[in-house]
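Accompanying notes for the structure given below.
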Amino acid sequence: MAVIVQKFGGTSVGTIDRIKSVAERVARARDAGDQVVVVASAMSGETNRLLSLGRELTMRPDGRELDALVATGEQVSVALLAIALGARGVPARSFLAHQVRLRTDSGFTKARIKGIDADVLLSALNEGVVPVVAGFQGVDDRGNTTTLGRGGSDTTAVAIAAALGHGVACEIYTDVEGVYTADPNVCKNARKVGRISYEEMLELASLGAKVLQIRSVELAMKYAVPVHVRSSFTEAPGTWVVGEDESLESVVVAGVTSDRSEAKVTIRMMPDEPGRAAGLFEALADARISVDMIIQNPSAHASPGRPGVTDMTFTLAKGDLEHAQSIAARLCSGLQVDVDHDVVKVSIVGLGMRSHAGVAARMFRLLADEGINIQAISTSEIKISCLIHAKYGELAVRSLHDGFGLGD
Ligand code: ADP
Ligand code: ASP
Ligand code: MG
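In structure tokens:
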């Protein structure tokens, strides 16, 4: 008898009818002989609704209270799902984070999991009861409710699969049939991928493919949890996220993503001398602000004994922009600080890039052919990202997708 974790996202539990059909699916898996642990997200739109209630009171609500607020979304859906399972004749019990001792640090709104008590779940399974665990939420050492960041129920599910033992698979049920070569809601001819490596999925998730939360992929890779992303609306097999050796032959480009969550900051005419960049980025790091792309232009106007000046550009999450601007204004007083919200980062990802030349050149040519100007570039061994004007985001995704031959 295999133990499996089935996680249902917001759309999959978005209405009472959807909850009934989830209960039906869980019942079928049990009838087939599996022991099922269920993880559920809040009903679709609920987390956003709760967040906007908090923000009606103040633009910067306290993190602890925000987590206490948004964690209620999952409490509702797990209780409803347990009721639906009971009504279907399947004994089920809902569990909140404190009841399965899903412990996290105290990083409110983006807490990290420290541990989970699998015994509570195992004893429910042994009694023949389906545990239905609230995704997204945790509890810190002082008993405060925390949350794992947007999309965090994926991470709850993978963490539970890892805690239940080696080889326990995690099924992520969502509103698309798997992981595609691009967001299927943007690129109509995107193809479902049968298998993808943890490494590629990690890059896709961190570059905007929200189908899996990045932390869930990190955990899956660390504990070798096989993850199956599939639709709760159909029976079709989805995408297996697996180790590199089990994925298919490395393709040059496995997928294209876009990410509109970042903004760009440029500090003009910064003195080009040792310690300037260190001072600025240390202050940002002290404020727990993560910076993504960084570009420094060549020095200009240098003369003997006098440093030149340079323009320093970086990108960061839009939510951190105001804070970063005030730090830049303090450290670079008298300098011009420009900000730009209208940017999107488009990226291509693929293990095969390691061994193929000319991939960057092809990407730049495809963008150029659409008349799209590149504002910043960053690369790693298996990805290339370009920052461009936001209005070209969808066009860029489609032309890169087709240009690299990913479409149907
Ligand atoms: P859930 O509520 O089930 O967690 P999400 O909205 O978090 O679902 O994630 C599913 C969405 O991810 C899809 O509806 C799709 O628009 C988006 N997505 C972005 N990139 C991809 C991709 N490469 N493959 C599949 N889905 C993607
Ligand atoms: N409900 C949370 C969110 O909307 C967590 C999740 O859906 O995974 O981000
Ligand atoms: Mg999600």
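Numbering (the working numbering), first residue to last: 37 to 444.
Beta carbons are placed, not taken as given, at the ideal position from N, Cα and C, and that holds for glycine.
Considered as a whole, the stretch 143-203 harbours 149-151, 166-170, 173-175 and 181-183 as its complete beta strand (DSSP E) runs of no fewer than 3 residues, in chain order. When C-beta atoms of the stretch 215-231 are compared with those of the stretch 168-176, fewer than three pairs fall below 8 Å, so the two segments do not count as touching.
At a Cβ-Cβ threshold of 7 Å, Ala-78 and Glu-101 do not count as neighbours. Under the Cβ criterion (8 Å, minimum of three pairs), the stretch 342-362 counts as touching the stretch 316-334. The shortest C-alpha to C-alpha distance from His-392 to any of Ser-414, Gly-279 and Ile-420 is the one to Ile-420.
A distance below 6 Å between beta-carbons, with the five flanking residues on each side excluded, links Met-237 to the following residues of its chain, in chain order: Val-253 and Val-277.
Inclusion of Ala-245 in the 6 Å shell around the ligand ADP follows from its C-beta lying nearer than that to a non-hydrogen atom of the ligand. Within the chosen limit of 6 Å, the ligand ASP does not reach the beta carbon of Ala-195 with any heavy atom. For secondary structure counted as the alpha helix (DSSP H) over 4 or more consecutive residues, the stretch 221-300 holds these complete runs in sequence order: 234-242 and 250-258.
For the ligand ADP, a non-hydrogen atom lies closer than 6 Å to the CB of Gly-46. In the DSSP assignment, Leu-316 falls outside any beta strand (DSSP E) and within the unbroken alpha helix (DSSP H) covering 312-322. Here Glu-207 is buried. Its C-beta has 16 or more other C-beta atoms within 10 Å. In this structure, the beta-carbon distance from Gly-291 to Val-385 falls below 7 Å.
Nearest neighbour of Arg-312 by Cα position, chosen from His-359, Leu-352 and Ser-369, turns out to be Ser-369.
The continuous alpha helix (DSSP H) containing Asp-67 extends over residues 52-67. DSSP, reduced to helix, strand and coil, places Met-329 within a strand of the structure shown. If you draw a straight line from the Cα of Gly-164 to the Cα of Ser-130, it comes to about 14 Å.
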